[in-house]
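K.L.:
Chains as they are written, first to last, in our numbering: chain A, 11 to 356; chain G, 124 to 222.
For each residue, glycine too, the CB sits at the ideal point set by N, CA and C.
1. So residue 347 of chain A and residue 44 of chain A are in contact, right, with Cβ under 8 Å, and what is the actual spacing, rounded?
2. Is there at least one Cβ from chain G nearer than 9 Å to residue 216 of chain A's Cβ?
3. Thinking C-beta only, is residue 240 of chain A closer than 9 Å to residue 197 of chain A?
4. Ordered along the chain, which non-local residues of its own chain (more than five positions away) have a Cβ less than 8 Å from that of residue 255 of chain A?
5. Pick helix, strand or coil for residue 279 of chain A, following the three-state DSSP scheme.
6. Since residue 176 of chain A and residue 186 of chain A are thought to touch, with beta carbons under 8 Å apart, how far apart are those beta carbons, to the nearest angstrom?
7. Determine the chain G residues that contact residue 237 of chain A at a beta-carbon separation under 9 Å, and present them in chain order.
8. Taking only the alpha-carbon atoms, compute the straight-line gap between residue 171 of chain A and residue 147 of chain G and give it to the nearest angstrom.
9. By DSSP, does residue 244 of chain A sit in helix, in strand, or in coil?
10. So residue 202 of chain G is in the alpha helix (DSSP H); what residue range does that whole segment cover?
11. Going by C-alpha to C-alpha distance, which of A:317, A:334, A:280 sits closest to residue 303 of chain A?
12. Could you spell out the range, first to last residue, of the alpha helix (DSSP H) harbouring residue 171 of chain G?
13. Go ahead and label residue 157 of chain G buried or exposed: buried means 16 or more other beta carbons lie within 10 angstroms of its beta carbon, across all protein chains shown.
14. Go ahead and pull the three-state DSSP assignment for residue 174 of chain A.
15. When DSSP labels each residue in this structure, what does residue 139 of chain G get in the three-state scheme?
16. Give me the residue from A:338, A:340, A:316, A:337 with the minimum Cα distance to residue 188 of chain G.
17. Excluding the 5 residues flanking residue 160 of chain G on each side, which residues of the same chain have their C-beta closer than 6 Å to its C-beta?
18. Check each residue of the segment 177-190 of chain G: if its Cβ is closer than 9 Å to any Cβ of chain A, include it; give the result in chain order.
19. Where in the segment 31-82 of chain A do unbroken runs of the beta strand (DSSP E), each at least 3 residues long, occur, reported from the N-terminal end onward?
20. Less than 9 Å between the C-beta atoms of residue 85 of chain A and residue 103 of chain A, yes or no?
21. For residue 216 of chain G, collect the residues of the same chain with a Cβ closer than 8 Å to its Cβ; drop the 5 residues on either side in sequence, then sort them by chain order.
22. Which residues in the same chain have their Cβ closer than 8 Å to the Cβ of residue 248 of chain A, if we skip the five residues on either side of it in sequence?
23. Hey, is residue 212 of chain G's beta-carbon within less than 9 Å of any beta-carbon in chain A?
24. In angstroms, rounded to a whole number, what distance separates the CA positions of residue 270 of chain A and residue 313 of chain A?
25. What is the DSSP secondary structure of residue 158 of chain G, counted as helix, strand or coil?
26. Does any CB atom of chain G fall closer than 9 Å to the CB of residue 260 of chain A?
27. Does the beta carbon of residue 169 of chain A come closer than 9 Å to any beta carbon on chain G?
28. How many Å lie between residue 362 of chain A and residue 206 of chain G at the Cα?
29. Would you please verify whether the beta carbon of residue 166 of chain G is less than 9 Å from any beta carbon of chain A?
30. Using a Cβ-Cβ cut-off of less than 9 Å, give me the residues of the segment 195-210 of chain G that come near chain A, in sequence order.
31. Check the Cβ-Cβ distances between residue 270 of chain A and every residue of chain G, and say whether any is below 9 Å.
32. Go ahead and label residue 178 of chain A buried or exposed: buried means 16 or more other beta carbons lie within 10 angstroms of its beta carbon, across all protein chains shown.
33. Taking the straight line between their C-alpha atoms, what separation do you get for residue 238 of chain A and residue 95 of chain A?
34. At the level of alpha carbons, what is the spacing between residue 191 of chain A and residue 230 of chain A?
35. For a cutoff of 9 Å on Cβ pairs, would you count residue 172 of chain G as touching chain A?
36. Can you find the residues in the same chain that come closer than 6 Å, C-beta to C-beta, to residue 204 of chain G, ignoring five residues on each side of it along the sequence?
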């Protein structure tokens, strides 16, 4: 019901956007519906399950300074009734990942109110969309700094302290209230992120800090380094995070073979991906979402970028841990869509 | 032990902020007269908008295959919030997406 209410809110905002856009000649500001449809299949230590997913994104400008944005995640979760055998049975899960109103105050500051993705590290904000992520599974350290749901309910300020051709210095600060309402669950927390981005080098170095302010207060900190050289299609992304009970890192490398006869050739559509991740348990932290013991995981993936925004991903992961090793096989097919909500002015 | 963990949580952001500030200062100081020309020479086959797209939006996703001109402004505003685009990058990318 809460999900339907969220969708209704976005429809009302979309209607408001139409009224606003009628007041001016904003031929390029028609609200959009974007997102992806996907089919995800995974086999983890012999247990197979699959998930049909719809992840719509709605973006609606309101006047010259406001923007309403939302992303929903609707998915079924189907697995064998008896664990590894028997007929498949499933459940449906819907969530509101963000539903926010942005006020673009100036070139240096944007203020956000509502539900937004917790800006700790880079993965949550940038790579959780199913049409973007290279691997089906989030990194092992993802729960650090993103408690309780990866989304926050509150206020956020973000912008660029410095935006020169040689360097950008970006900031984000946020505060989240505690909420237990369905679809809007969030923890009481505050934090910030700073990024130093060097466009000519395509190098980004940043740091995150979060303080969880309900129950037992604790701190999380992290750093991230991204490097995507412009001369060849290599992407290197990495994050380190330190939480109250554990720490860890991941480093992901992707190389699209687009230098072989271009990105639209048969070979050029291939993108091998490798990710190494490790977590180190300092103290027991039941319920923190991290592996219970020191863990090393190697992920090998192969993405194929088909025409018409369709992508096929396959990966194999080997998890090594003192509580048990595991093999994880993932296959996913995603279709990304993007179109205007209505015709608009020409 | 608690104090050690606590200080570590402050140490990491401080270290990165210090390192980042130093790199930013060094980069700005060294590349002011040369960086633009060097970058332009190395990327002479692409437009400023395409370069700005690759340097910002393209770090996470590929450009959409088809894009209606009616929605380029909406997308730019969305990316301004998400990717913290600079004003110049925003103008360049708009020209690239809707020439």
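P.N.:
So, from the listed chains and residues:
1. Beta-carbon to beta-carbon, residue 347 of chain A and residue 44 of chain A are separated by about 7 Å, close enough to satisfy the 8 Å threshold.
2. Taking Cβ atoms only, chain G reaches closer than 9 Å to residue 216 of chain A, which makes this a yes.
3. At a Cβ-Cβ threshold of 9 Å, residue 197 of chain A and residue 240 of chain A do not count as neighbours.
4. Closer than 8 Å at the Cβ level, and outside the excluded window around residue 255 of chain A, lie 291, 292, 293, 294, 295, 298, 300.
5. In this structure, DSSP gives residue 279 of chain A a state outside helix and strand, which the three-state scheme calls coil.
6. That pair is no contact at about 34 Å.
7. Scanning chain G for C-beta atoms nearer than 9 Å to the C-beta of residue 237 of chain A yields nothing, as the closest lies near 10 Å away.
8. Straight-line Cα distance between these residues: approximately 12 Å.
9. Secondary structure of residue 244 of chain A (DSSP, three-state): strand.
10. Its alpha helix (DSSP H) spans residues 195-206.
11. Of the listed residues, the one whose Cα sits closest to residue 303 of chain A is A:334.
12. Start and end: 171-178.
13. Confidence in residue 157 of chain G is poor, its pLDDT being 43 and thus under 50, which makes the residue's placement unreliable; the coordinate value appears in the next sentence. Looking at its Cβ environment, which holds fewer than 16 other Cβ atoms inside 10 Å, residue 157 of chain G is exposed.
14. Judged by DSSP in its simplified three-state form, residue 174 of chain A adopts coil rather than helix or strand.
15. Three-state DSSP puts residue 139 of chain G in a helix.
16. Between residue 188 of chain G and the set A:338, A:340, A:316, A:337, the nearest pair of CA atoms involves A:316.
17. Residue confidence for residue 160 of chain G is low, a pLDDT of 38 falling below 50, so the modelled location carries little weight; the figure read from the coordinates is stated next. If we look at residue 160 of chain G and ignore the five residues flanking it on each side, it has no Cβ neighbours.
18. Along the segment 177-190 of chain G, the positions whose C-beta sits under 9 Å from a C-beta of chain A are 177, 178, 179, 181, 182, 183, 184, 185, 187, 188, 189, 190, read in chain order.
19. Runs found: 42-54, 57-72.
20. A contact, by the Cβ cut-off of 9 Å.
21. Excluding residues within five positions, the ones whose Cβ falls inside 8 Å are 172, 175, 176, 179, 180, 199, 202, 208.
22. Around residue 248 of chain A: 234, 235, 236, 259, 260, 261, 262.
23. Closer than 9 Å: yes.
24. Near 16 Å, if we compare the C-alpha coordinates of residue 313 of chain A and residue 270 of chain A.
25. Any reading at residue 158 of chain G must be qualified, since the residue scores a pLDDT of 40, below 50, and its modelled position is unreliable; no value is offered.
26. Not closer than 9 Å to any Cβ of chain G, the Cβ of residue 260 of chain A fails to qualify, so no.
27. Residue 169 of chain A counts as touching chain G.
28. For residue 362 of chain A there is no data in the structure shown, the boundaries of chain A being 11 and 356.
29. In this predicted model, residue 166 of chain G has a pLDDT of only 48, less than 50, meaning its place in the structure is not dependable; the value taken from the coordinates is given anyway. Any Cβ of chain A closer than 9 Å to the Cβ of residue 166 of chain G would place that residue at the interface, and such an atom is present.
30. Listed in sequence order: 195, 196, 197, 198, 199, 200, 201, 203, 204, 205, 206, 207, 208, 209, 210.
31. By this cut-off, residue 270 of chain A is not an interface position.
32. Its Cβ being crowded by 16 or more others within 10 Å, residue 178 of chain A is buried.
33. Taking the CA atoms as reference points, residue 238 of chain A sits about 44 Å from residue 95 of chain A.
34. Going by the C-alpha atoms only, they are around 25 Å apart.
35. Closer than 9 Å: no.
36. If the five residues before and after residue 204 of chain G are omitted, its C-beta is found closer than 6 Å to no C-beta atom of its own chain.
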